[in-house]
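Okay, structure first, notes after.
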Amino acid sequence: MNDGDALLCIKNLAVSLPGRERIAGRDGDLTLVDGLSLAIRPGERVALVGESGSGKSLTARSILQLDPLLRLEGSISWKGAELLGAPRRVLQRVRGGEISMIFQDPMTALNPVLTIGEQVAEPLLVRGVPRRKAHARAVEMLDRLGVPKARERMRAYPGQFSGGMRQRVVMAAALVARPQLLIADEPTTALDVRVQEQVLDLLEEQSRELNLAVLFITHDLAIVAGLAHRVAVMFRGRLVEEKPVDELFERPEHPYTRGLIGSIPRLDLDPDTRLTTVEDYLVLEGGAHHA
């Protein structure tokens, strides 16, 4: 990809926890993400895949610099402008406005004592949009995302919604300011399979209709085939493989990627057959000691 075509361009990103912030008795910085480079075009859906602890969520949070205790090095460029070291006013304009984020658990992402309407309209209100207009756009977005009786439910509280509906509310709050990039951090983890499919369909639909770029964070390679244009695989803090989605499934190169694909359950397998694990591939192919 030509970097000039990219909305978001990350180059050689390193994320570390400074020694002074570490547990007592541990010296030196702890490197959590090491030398990651990734670019995303307008309207493109990119899946960042890896097991828990691989650094994918840290990478996503680093784009918006949400963890002030961490040290960030390298470059994070948004529409050609550098975000690392940018003034606070620039980050405030980008956060929630040009780049929005959906967090993993909708129940903890929503404030239980504020109405749905207040929370969906908030990204507009903090940017100076008049209250009446902000609430009208919030109703419009909730309706767009399939929340029934959206105007009435603006007065409801998160505890009155099911898990799937709460995730739609979180998506509405993320999309109401019409961002150009949506970061979705494991948005289907706490949902049952049927609701997972609905959320993935909504993400794909909104991306297509709004020309919205999506960075989709997940540990489950099986769910990205119908959503992502491109897949980037993380292993132990490093990006080890990046390909168009079809090519990745057809010709995975890194042992870790082959392990992820090989450990996906298949309906045509004998129920008594032991599933291959990622560790099996790493040991078999000597990939356990290199990334």
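Each residue of the sequence shown is one higher than the last, beginning at 8 in the working numbering.
Ideal placement from N, C-alpha and C gives every residue a C-beta, glycine not left out.
Whole angstroms is fine: what's the gap from residue i's alpha carbon to residue j's?
i, j, result
"I123", "V176", "7 Å"
"S61", "R162", "40 Å"
"A295", "E286", "Low per-residue confidence applies at A295: pLDDT is 47, beneath 50, and the placement is therefore not dependable, though the value from the model is reported in the following sentence. Taking the straight line joining both Cα atoms gives about 8 Å."
"G103", "R95", "14 Å"
"P186", "L131", "11 Å"
"F54", "I109", "Position check: residue 54 holds Ala in this sequence, whereas Phe was assumed. Looking at the two C-alpha atoms, the distance is approximately 14 Å."
"L234", "G92", "33 Å"
"K140", "A157", "15 Å"
"P262", "F256", "13 Å"
"I230", "D74", "28 Å"
"G135", "H142", "13 Å"
"T264", "R258", "10 Å"
"E80", "L20", "6 Å"
"D36", "L71", "22 Å"
List the whole-angstrom C-beta distance separating residue i from residue j, where the pair is believed to meet the contact cut-off of C-beta under 8 Å.
i, j, result
"L188", "Q213", "Actually they are not in contact, since the Cβ atoms of L188 and Q213 sit about 12 Å apart, beyond 8 Å."
"L14", "K86", "6 Å"
"P113", "G170", "7 Å"
"I83", "L90", "5 Å"
"V146", "Q174", "Not really, about 18 Å apart at Cβ, beyond 8 Å."
"P155", "P119", "Wrong, their Cβ atoms sit about 21 Å apart, outside the cutoff."
How is the alpha helix (DSSP H) around residue i delimited, first residue to last?
i, result
"F256", "V252 to E257"
"E80", "It is not in any alpha helix (DSSP H) - E80 instead sits in the beta strand (DSSP E) that spans R78 to W85."
"A141", "R138 to R151"
"V127", "I123 to L132"
"V206", "V200 to L217"
"V97", "R95 to V101"
"M114", "P113 to A116"
"T264", "P262 to G269"
What does a CB cutoff of less than 8 Å around residue i pick up in its chain, not counting 5 residues either side in sequence?
i, result
"R48", "M8, D12, A13, L14 and A220"
"A67", "L55, M108, I190, D192, L222 and I224"
Starting from residue i and walking both ways along the beta strand (DSSP E), at which residues does that stretch end?
i, result
"G171", "That residue, G171, is in no beta strand (DSSP E); its alpha helix (DSSP H) goes G170 to L182."
"D192", "L188 to D192"
"S64", "That residue, S64, is in no beta strand (DSSP E); its alpha helix (DSSP H) goes K63 to I70."
"G42", "L37 to I47"
"A157", "Where A157 is concerned, there is no enclosing beta strand (DSSP E), although the alpha helix (DSSP H) it sits in stretches over A157 to R160."
Leaving out five residues on either side along the sequence, give the residues of the same chain with a beta carbon under 6 Å from the beta carbon of residue i.
i, result
"A179", "V127, M148, L149 and L152"
"T195", "Q203 and V206"
"L246", "L43 and A239"
Taking 7 Å as the limit between beta carbons, can you name the residues of its chain near residue i, skipping five residues before and five after?
i, result
"N218", "P49 and G50"
"G57", "K63, H226, V240, M241 and F242"
"E260", "E248"
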